[in-house]
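Trainee: Encoded as structure tokens, here's the structure I'll be asking about.
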Amino acid sequence: MKKYIITFNLALIFSFFIQINAQVAIGKTSVDGSGILDFGTSTTTIRTIVINPINLPTCDATTKGAIASNASTGQLATCNGTAWTNNGASTTSVAVTGTDSGSGVIIGATSSAATGALILESPSKALILPKYSYPDLQIKLPTRGALVYDTTRKAVVYYNGTTWQYF
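Numbers -22 to -1, 1 to 145, taken from mature numbering (1 follows the signal peptide of the UniProt record, and there is no 0), label the letters of the sequence shown in order.
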């Protein structure tokens, strides 16, 4: 019985810490600065965020700030709260496969008014993109939808399946 109480208390403390701290590091031991989600860099394991193409949902207050890969244009799109803006030069449509389960993961809060597969909910923390110097040269076989930060060119870089786009 004592073992179960200790396990329960540790789980309770851990869940409280996660709720308050709400910072996640992948491939590293700590988050840089006040990031909500941060990725480590490695010369042997390439880590990127992959944004799969979707048919864009309605752009409104609940999707404001969303980043998506527009399936009809192949471009990275952002929602400003009223309309989607396509960024980049690709105009090749991409087939959308899979089923929308209607659920997602929220980091930083227990609930959110926003919808999406991954929701970063924080008034003071942000996503820290995976960082690479010249990702177009370092990432030999990029996955369509890869999103990283180029530390040399000081730019956000998106791979649309054919070319790297710099923002």
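Just so you know, even glycine gets a beta-carbon here, dropped at the ideal spot from N, CA and C.
Looking only at its chain, what residues have a beta carbon closer than 6 angstroms to the beta carbon of Tyr136, apart from the 5 residues adjacent to it on each side?
Mentor: Around Tyr136: Leu54, Leu125 and Gln143.
Trainee: Whole angstroms are fine: how far does the CA of Ser50 sit from the CA of Val28?
Mentor: Each residue's Cα considered, the two are about 17 angstroms apart.
Trainee: Return the residue from the list Gly43, Thr26 and Thr41 that minimises the CA-CA distance to Pro108.
Mentor: Closest option to Pro108, Cα to Cα, is Thr26.
Trainee: Please name the residue in Asp128, Arg131, Thr121 and Thr129 whose C-alpha comes closest to that of Gly139.
Mentor: Looking at the Cα atoms, Thr121 is the closest of the given residues.
Trainee: Just mark Val83 as buried or exposed, buried being the case when its beta carbon has 16 or more other beta carbons within 10 Å.
Mentor: Label assigned to Val83: exposed.
Trainee: My output table needs one value for Asp128: the three-state DSSP class, helix, strand or coil.
Mentor: In this structure, Asp128 counts as strand in the three-state DSSP scheme.
Trainee: In three-state DSSP terms, what is Tyr137?
Mentor: Correct three-state label for Tyr137: strand.
Trainee: What residues match up with Lys109 in a beta bridge as DSSP calls it?
Mentor: Beta-bridge pairing links Lys109 to Tyr127.
Trainee: Between the alpha carbons of Thr56 and Asn65, how many angstroms are there, rounded?
Mentor: Answer to the nearest angstrom: the Cα atoms are 8 angstroms apart.
Trainee: So the beta strand (DSSP E) Ser47 belongs to, where does it begin and stop?
Mentor: Here the beta strand (DSSP E) through Ser47 covers Ile45 to Asn48.
Trainee: Kindly list the residues whose CB is nearer than 6 angstroms to the CB of Lys6, restricted to its own chain and excluding five residues on each side of it in sequence; keep chain order.
Mentor: Around Lys6: Gly18.
Trainee: Hey, out of Ser20, Thr40 and Ala133, whose CA is closest to Ser90's CA?
Mentor: Looking at the Cα atoms, Thr40 is the closest of the given residues.
Trainee: Ile85 and Leu34 look like a contact to me (Cβ under 8 angstroms); what is the Cβ gap, rounded to whole Å?
Mentor: Actually they are not in contact, since the Cβ atoms of Ile85 and Leu34 sit about 23 angstroms apart, beyond 8 angstroms.
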